[in-house]
Amino acid sequence: MKDQKELTFKLISAIETYPVRHPVLRAGKPLSSCEFSGDNLKTTFHIGAYQNNQLIGVASLLQVKNTSILNVFAYQLRGMAIANEHQGKGLGKKIINYAETILKEKGVLLLWMNARVSAIPFYTKCGYTKSGSIFDIQKVGPHVVMFKKLN
Ligand SMILES: CC(C)(COP(=O)(O)OP(=O)(O)OC[C@H]1O[C@@H](n2cnc3c(N)ncnc32)[C@H](O)[C@@H]1OP(=O)(O)O)[C@@H](O)C(=O)NCCC(=O)NCCS
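Under full-length UniProt numbering, the residue at position 77 of the sequence shown is numbered 77, and the numbers go up by one with no gaps.
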């Protein structure tokens with residue numbers, strides 16, 4: 001019998017993230033709101049987590065320095081989303097670990113993100129530290145920069 005919990009990670013295109021990116025991060029907004037600048041750059045990559053061939057989690061990694069933290073080879077995490085019914089089961093942490101492994105292989109020294117305030121406890125559990133104060137991203141809500149040194 002097939003393992004009902006079989007989980008695989010794949011590198012996917014930006015548009016392939018939309019079935020999770022849209023309902024989780026841009027609910028009620030037009031599909032076009034799912035497009036992030038830099039989504040299709042050569043240096044950008046997108047992770048898809050699949051359970052029995054169904055996409056249940058996504059994350060996008062963009063090569064963007066954050067000189068206010070450290071002026072080093074850095075990536076930004078964007079579009080981190082787990083399908084609503086799969087949240088709180090450890091999948092987000094697994095995707096972050098997978099992303100960090102790929103980034104370390106590339107020699108990336110810093111991973112940072114604009115964390116939704118509601119996601120601060122999650123990123124803290126994943127070993128990320130807050131930097132600076134809370135700011136508002138228009139139409140999305142309050143955020144804070146968080147980061148982790150890699151390698
Ligand atoms: C935030 C999100 C990516 C986290 O993924 P997840 O799969 O639900 O989280 P996990 O189950 O991997 O949690 C990992 C750890 O963080 C903790 N955690 C996660 N969310 C938490 C919360 N809101 N409050 C407190 N702890 C939390 C878990 O308890 C777990 O702790 P443990 O390692 O001690 O067991 C996911 O819930 C999500 O997509 N939320 C909606 C979209 C969103 O906010 N994305 C982030 C935008 S910046």
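All C-beta atoms, glycine included, are put in the ideal place defined by N, C-alpha and C.
Remark: fewer than three beta-carbon pairs, one from each stretch, lie closer than 8 Å, so the segment 103–114 and the segment 21–35 are not flagged as touching.
Listed in chain order, the beta strand (DSSP E) elements of length 3 or more contained wholly in the UniProt domain "N-acetyltransferase" (7–151) are 7–12, 45–51, 54–62, 74–82, 110–116, 129–137 and 141–149. L111 counts as buried, since at least 16 other C-beta atoms from the protein chains shown sit within 10 angstroms of its C-beta. Taking L7 as the centre and dropping the five residues before and after it, the same chain places the C-beta of Q51 closer than 6 Å to its C-beta, in chain order. The beta-carbon separation of G92 and V58, rounded to 11 Å, does not stay under the 8 Å limit for a contact. Looking at Y128, G38, N66 and V72, the one whose alpha-carbon comes closest to that of I96 is Y128.
In this structure, ligand 1 has no non-hydrogen atom nearer than 7 Å to the beta-carbon of L62. Around the beta carbon of G132, a 10 Å sphere encloses fewer than 16 other beta carbons of the protein chains shown; the residue is thus reported as exposed. In the assembly as shown, T17 is a buried residue. Its beta-carbon has 16 or more other beta-carbons within 10 Å.
Closer than 7 Å to some heavy atom of ligand 1: that does not describe the Cβ of L70.
A straight-line Cα-Cα distance of about 12 Å links D39 and V64.
Closest in C-alpha terms to I69, from the list P19, M113 and Y123, comes M113.
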